[in-house]
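Numbering-wise (the numbering used here), the sequence shown opens with residue 157 and increments by one.
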Amino acid sequence: MCEDRLGLVSNCWKVQLDAGESLTELTGQAADLGFRFVELRQGCLGEFEDAATRMPDPDALKLLTRTFPQVTFNLAVELPLLSSSINPASSDVDTLLQAARALAAETGSETSRPAHLRIVDLVSREVPQSRLGNDSADRSFSLEDVITSLHALERRLAPGIVSVEHSLQAWSGIQRLFEIARPGSGQSTSIMESLRLCYDPCNLWLTGDGKSADLITESLPVDWLSMVHLKQLCGGTVSTRFEPGNVDWRKQFVALARSRYAGPFLFETAPTEDVWGCLADSRRYLAELVCEMRN
C-alpha cells in the first residue's frame, strides 16, 4: 500500500473545527504530512459551509482546491436516498452538486480529477425492495426509485462520480442495489458507469454483518469501489485510532490486494483533541500491517 493512496475524512477534525480552527489550515497540515486525499464531510467543512444550514459554499471551495493542487478532494453529504426521491434541480441538492464540481480539478491539468459526490443515508435502516417480480407492486417507494434518483444525480454531475456509502443498512440490501444498478451484474436494468461504493468494513459490524465481513470483502467486485474507509470498532465504539479491534484489517487488506484494488484508503477515526497524535499512531499500525503482509 503506497503512502500516496492515504487520506482522511474531515469529520476526524470535528473537535478542532468546533473550536474554531480553520479547515484550510487543517488541510495544509494533512498535506504536509503526506495525505493526498481529503473527503470533505458535510457538517465538518468549517469556514466553507453555513453553520446553521450546513450547506457548502461552492465558490469558496474552489479556492481550497487551488490552494492544495496535490490533494484530491471529494464531497460527502447526507441525503435520504433510500426513503425519498432526490431531485437534483432542488435548491439544496443543486448547491451540493455545485460544491462537488467546485472540488474537481480542471480537465487537462496535471492534477485533473472528476467531481465526486459521496452520499450517506443516516435516516433509512433498510434498502427498499424492488417492484420487479414483487407481489407488493404498489409499494410507495422502491429500489427502482432509488436508482432513478441516482441516475438523475449522475446526469447532473457528469462526467463526475457518485458514490454511496453503506451505513445503517444491512449489507444484503446494499449489495442488491449495486447488482441491479451497476452494469455487468447479470441483473442490470440500468447502466450507471459512474456509480461507486464507498466501502467501510467497520460499518458492517454496526449493522450485524461483522461476522461476514471477510467474505463480503472477498466477494466485492473491485470496479464497484471508489474508496475504502479505515476505522476500527473497540468495545462497541468507533476508536480515535486505527488499531486492533473487531475488524481484522489484515484479512481485509489481503482480500483487497487480491482483487487488485488500487484506490485510496481514508482514515475516519473518531474525533479527538489529539487528532494528529492519533493519526500518527494509526499510520504506524497501518505500516505494521503492510509489513506483515509483505513478510
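For glycine and all other residues, C-beta sits at the position ideal for the given N, C-alpha and C.
By Cβ distance, which residues of its chain are closer than 7 Å to residue i, with the 5 residues on each side in sequence left out?
i      : result
PHE398 : LEU386, LYS387, GLN388, PHE423, THR425, SER438, TYR441, LEU442
ARG312 : PRO244, LEU253
THR428 : VAL171, THR396, CYS434
LEU182 : TRP169, GLN172
SER344 : Because the pLDDT at SER344 is just 43, under 50, the model does not fix this residue reliably, and the value given afterwards should be weighed accordingly. Correct list, in chain order: ILE336, ARG338.
ARG210 : GLN198, GLY199
VAL249 : ILE242, ASN243
GLY366 : LEU360, ASN402
THR228 : ARG192, PHE193, ARG269
For a test of the three-state rule: what should DSSP assign to residue i, helix, strand or coil?
i      : result
GLU234 : strand
TYR441 : helix
ARG352 : strand
GLU424 : coil
CYS200 : coil
ARG311 : helix
ARG416 : coil
ALA261 : strand
PHE398 : coil
VAL171 : helix
VAL410 : helix
LEU299 : helix
ARG108 : Nothing in the structure corresponds to residue 108, since the chain is present only between 157 and 451.
VAL127 : Since the first and last residues shown for the chain are 157 and 451, residue 127 lies out of range.
Less than 6 Å between the CB of residue i and some heavy atom of the ligand MG, yes or no?
i      : result
ALA175 : The model on display carries no ligand, and the ligand MG is accordingly not part of it.
Would you kindly report the start and end of the unbroken beta strand (DSSP E) that includes residue i?
i      : result
GLY163 : 162–165
SER319 : 317–321
ILE275 : 272–276
SER382 : 381–386
CB-CB under 8 Å to residue i, same chain, minus the five flanking residues each way: which ones, in chain order?
i      : result
SER319 : ASN230, HIS272, LEU273, ARG274, ILE275, LEU351, ARG352, LEU353, CYS354, SER382, MET383
GLY364 : ALA326
SER368 : TRP327, LEU360
Ordered along the chain, which non-local residues of its own chain (more than five positions away) have a Cβ less than 6 Å from that of residue i?
i      : result
CYS390 : GLY401
ALA258 : PRO214, LEU217, LYS218
GLU300 : ARG287
PRO420 : ARG161, GLY163, PHE193, MET383
VAL165 : GLU195, ARG197, LEU422, GLU424
LEU333 : VAL283
ALA308 : PRO244
ASN451 : none
ALA256 : LEU231, ALA271, LEU273
Look at the Cβ atom of residue i, then the Cβ atom of residue j, and state whether they are nearer than 7 Å.
i      : j      : result
THR396 : CYS434 : yes
LEU278 : GLU310 : no
LYS407 : ASP379 : no
PRO284 : SER298 : yes
ALA411 : GLU374 : yes
PRO212 : GLU205 : yes
LEU237 : ARG281 : no
GLY190 : GLU159 : yes
The alpha helix (DSSP H) with residue i in it runs from where to where?
i      : result
SER328 : 327–337
LEU362 : 357–362
SER178 : Note, SER178: premise wrong, no alpha helix (DSSP H); not H, not E.
LEU220 : 214–223
ALA245 : Counting along the chain, ALA245 falls outside any alpha helix (DSSP H), and DSSP gives it neither H nor E.
SER375 : 369–375
Can you check whether the C-beta of residue i is within less than 7 Å of a C-beta belonging to chain B?
i      : result
ARG281 : Going by chain labels, chain B is absent from the structure shown, which holds only one protein chain.
Evaluate the contact criterion for the stretch 353–372 versus the stretch 399–412: three or more CB pairs, one atom per stretch, below 8 Å. yes
Is it true that the stretch 239–250 meets the stretch 213–228, where meeting means three or more beta-carbon pairs spaced less than 8 Å apart? no
Using 8 Å as the Cβ pair cut-off and three pairs as the minimum, do the stretch 244–251 and the stretch 188–204 touch? no
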